């Protein structure tokens, strides 16, 4: 149950990042523009701080799409090494054979 919750939480974060990306970029440009007055830059930073915390791209994690595991993640497959091994053992990945000796 907790695994599914983490996957859903990560999907929610991805939606928030996509939704606020343009606004966040615009506010960052204003806040970092040295030619603008200090008050305007400060207001932009305050507005940036009021955006949802999960709308920041740094809050995203690479998580397995099947198990929600954040470690040992294969980016191309979007699954963890454990899920990859289980699928390979079950013969669900074409061309992959689990070796055993």
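Residue numbers (the numbering used here): 441 to 541.
Cβ atoms here follow ideal geometry from the backbone N, Cα and C, with glycine treated the same way.
Just so we're clear, the structure is a prediction, and the values are computed from it rather than from any experiment.
Between the alpha carbons of residue i and residue j, how many angstroms are there, rounded?
i, j, result
"residue 487", "residue 515", "33 Å"
"residue 449", "residue 484", "28 Å"
"residue 471", "residue 482", "7 Å"
"residue 534", "residue 540", "18 Å"
"residue 478", "residue 460", "24 Å"
"residue 469", "residue 443", "37 Å"
Less than 8 Å separating the beta-carbons of residue i and residue j?
i, j, result
"residue 502", "residue 453", "no"
"residue 519", "residue 532", "no"
"residue 525", "residue 512", "no"
Excluding the five sequence neighbours on either side, which residues of its own chain have a C-beta within less than 6 Å of the C-beta of residue i, listed in chain order?
i, result
"residue 538", "528 and 529"
"residue 447", "508"
Only counting the same chain, and skipping five residues up and downstream in sequence, which positions put a Cβ closer than 8 Å to that of residue i?
i, result
"residue 473", "481"
Taking residue i and residue j to be in contact with their CB atoms under 8 Å, please state how far apart those CB atoms are, rounded to whole angstroms.
i, j, result
"residue 456", "residue 492", "6 Å"
(message) Three or more C-beta pairs under 8 Å: does that hold for the segment 494-501 against the segment 465-483?
(response) Too few Cβ pairs lie closer than 8 Å, so no.
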